[in-house]
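Numbering (the UniProt record's numbering), first residue to last: 1 to 411.
No residue lacks a Cβ here, since even glycine has one placed at the ideal position from N, Cα and C.
Okay, so here's the structure we're looking at.
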Amino acid sequence: MAGLAQRAFGNGIVPVPSARGPDLNRDAITIKIAREVNRLPRFLHTADWQMGRSFSRFEAEDSAALTEARFEVIERLARLALEENCDAILVAGDVFDAQTVSDRTIRRVFNATRAFAGPWVMLPGNHDAALAESVWSRARRLNAVPDNVHLALEPGLTVLSDQGLAILSAPLTQRHTYRDLTEPFDALETPPDLLRIGLAHGSVEGVLPEEVDATNPIAPDRAERANLDYLALGDWHGTKQINPRTWYSGTPEPERFRNNDAGYGLIVDIEGPGGLPAVTLHETARYRWYQWRETLAVPSDLDGLLERIEGLRESSVLDIRLEGSITLADDQRLTEALSVAEARFRCIACDRTRLQLTPTEDDIASIQADGYLGEVIEELRARQEGDRAETARDALALLAELLRNRSEVAR
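What follows is the structure, given as structure tokens:
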């Protein structure tokens, strides 16, 4: 786990050097002193683990590694909560990717929580809704749920008096609903000396993209209406602040190509009932996913692309789609760079079907493609404009490689 952390106070997010490094922010110092004197609550907010998710688009070795990373991140979250002296861990839905995950997956999920012996509160989301017969009822039949893990399968309260927390839960009992399940929070009473923490899974209306917020709506001002100290949300897979008291934690381990700040766990400090939350983002992801769409026109474009690839860390999952045109010499450079990257990164895929090969005179001279072979190369280059462009491109690349190898042997 990288030592990256960010702290948010009110509406702003302020980077800090490390999760455990010096923090000169006056609010942070105040909270630290208050915690030491009064033992104020601190909790970890996470969501969208999607356990049991398959990665069938990848090779078997990569798919297995990406699956295993999701179990490892639960263990990292547990250790993070322990190291940061958290009182509880709140999981805002979609612990499981489907109701049909294997018994082994269920057991492994709960086994992975063991490093943190404090209370966990897990909420069903749209992927693992609390149906009459669900992954949760199966977990109970398997006796897989530890005593310190609270399953919020029904709307209502989970009171953690020793931790100073009253958790107001709005579990999904079906995959999709069109009413706001957090509305009952407004009238739900809690002990006055405990923090009122909402736990829900859905889409904040008018904030997320239209295709996302069609079902499982949540009012954007629910925290204010229900007098919540903090509203912990799941469903959006990236870390996102809605307002000073409402956050999506995002998934702690990215599982898709989307630039939405996934891969964090949120540690939340609140001075007391009515106090503003101070939210610290801790990087938890093992793998980082990148999706690039690039157009190559001149050699410097390729130079820039290769520099960006070189700058990524080894735990990268990279998907590239290229278009434009490239010389045969640069295509060889690209092929060699991708071959090195395949051995270095967790996974890299590069779609070059829209990238035309444009042989230069130097290309043709270097592979000694004169006479008839030169005519074939020109014919294949021209056919990249037609219906069988991909076939022509592959044939041209293969021919160039064969001629290049022949030239090297002849030297």
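Go ahead and pull the three-state DSSP assignment for residue i.
| i | result |
| --- | --- |
| Arg76 | helix |
| Asn148 | coil |
| Ala196 | Looking at the sequence provided, one finds Arg at residue 196 rather than Ala. Arg196: strand per DSSP, three-state reduction. |
| Phe116 | coil |
| Ser63 | helix |
| Phe58 | coil |
| Ala343 | helix |
| Ala232 | strand |
| Leu188 | coil |
| Thr391 | helix |
| Arg42 | strand |
| Arg20 | Only weak support is given to the placement of Arg20: the predicted model assigns it a pLDDT of 35, under 50, and the value that follows is read from those uncertain coordinates. Reduced to three states, the DSSP call for Arg20 is coil. |
Quick one: residues in its chain with C-beta nearer than 7 angstroms to the C-beta of residue i, no 5 flanking neighbours on either side, listed in chain order?
| i | result |
| --- | --- |
| Glu75 | Ala112, Ala115 |
| Leu24 | Since pLDDT at Leu24 reaches only 35, below the 50 mark, its modelled position is unreliable, and no value is offered. |
| Ala98 | Gly52, His127 |
| Val207 | Pro220, Ile242 |
| Pro22 | Its pLDDT being 35, under 50, Pro22 is placed unreliably by the model, and the measurement read from it follows with that caveat. Once the five neighbours on either side are set aside, Pro22 has no close Cβ partner at all. |
| Asn148 | Ala117, Gly118, Pro119, Trp120 |
| Arg57 | none |
| Glu323 | Thr295, Arg354, Leu355 |
Which residues in the same chain as residue i place their Cβ atom closer than 6 angstroms to its Cβ, once the five residues preceding and following it in sequence are excluded?
| i | result |
| --- | --- |
| Trp49 | Val95 |
| residue 413 | Residue 413 falls outside the range modelled here, since the chain spans only 1 to 411, and no answer is possible. |
| Asp319 | Phe257, Gln291, Ala349 |
| Thr215 | His176 |
| Ala232 | His45, Leu90, Ala92, Leu199 |
| Trp289 | Pro254, Phe257, Val317 |
| Tyr248 | Leu233, Trp236, Lys240 |
Which stretch, first to last residue, makes up the beta strand (DSSP E) that contains residue i?
| i | result |
| --- | --- |
| Asp351 | 347 to 357 |
| Arg225 | Arg225 -> not in any beta strand (DSSP E); alpha helix (DSSP H) instead, spanning 222 to 225. |
| Ala92 | Segment: none, Ala92 is in no beta strand (DSSP E) and carries neither H nor E. |
| Trp49 | Per DSSP, Trp49 belongs to no beta strand (DSSP E) and is neither H nor E. |
| Gln241 | 240 to 243 |
| Thr360 | Here Thr360 belongs to no beta strand (DSSP E), and DSSP marks it neither H nor E. |
| residue 417 | Since the first residue shown for the chain is 1 and the last is 411, residue 417 is missing from the structure and cannot be characterised. |
| Thr246 | 246 to 248 |
Near residue i, what residues of its chain come up, given a Cβ to Cβ distance below 8 angstroms and the 5 sequence neighbours on each side ignored?
| i | result |
| --- | --- |
| Phe71 | Met51, Arg108, Val109, Ala112 |
| Val73 | Trp49, Pro252, Glu253, Thr284, Ala285, Arg286 |
Measure from the alpha carbon of residue i to the alpha carbon of each residue in the options, then state which is nearest.
| i | options | result |
| --- | --- | --- |
| Pro184 | Gly304, Ala200, Asp162 | Ala200 |
| Pro192 | Asp229, Arg352, Ser315, Gly250 | Asp229 |
| Ser169 | Ala226, Asp62, Asn260, Thr284 | Ala226 |
| Ala187 | Asn216, Tyr178, Leu123, Leu157 | Leu157 |
| Glu283 | Thr239, Ala341, Pro273 | Thr239 |
| Tyr178 | Gly250, Leu195, Val204 | Val204 |
| Ser102 | Ala78, Arg53, Leu131, Leu123 | Arg53 |
| Leu123 | Glu271, Thr251, Val149, Pro171 | Pro171 |
| Gly272 | Thr335, Val340, Ala130, Arg196 | Arg196 |
| Arg313 | Asp330, Leu334, Val135, Ala343 | Ala343 |
| Ser315 | Arg42, Ala69, Phe55, Arg141 | Ala69 |
| Leu398 | Asp362, Arg354, Leu328 | Leu328 |
| Glu189 | Gly202, Ala166, Val207, Thr182 | Ala166 |
| Thr391 | Leu355, Thr360, Asp362, Gly265 | Leu355 |
| Thr280 | Gln332, Asn259, Gly265, Leu296 | Gly265 |
| Ser137 | Gly234, Gly304, Pro155, Thr100 | Thr100 |
| Arg333 | Asp301, Gly250, Thr173 | Asp301 |
| Glu133 | Pro146, Gln174, His150, Asn143 | Gln174 |
| Glu336 | Glu59, Ile309, Ala65 | Ile309 |
Over the uninterrupted alpha helix (DSSP H) stretch that includes residue i, give me the two end residues.
| i | result |
| --- | --- |
| Asn111 | 103 to 111 |
| Ser137 | 135 to 141 |
Whole runs of the beta strand (DSSP E) within the region 258 to 338, excluding any shorter than 3 residues: 264 to 269, 278 to 283, 288 to 296, 316 to 326
Sequence ranges, beta strand (DSSP E) only - wholly within the region 150 to 186, length at least 3: 156 to 160, 165 to 170
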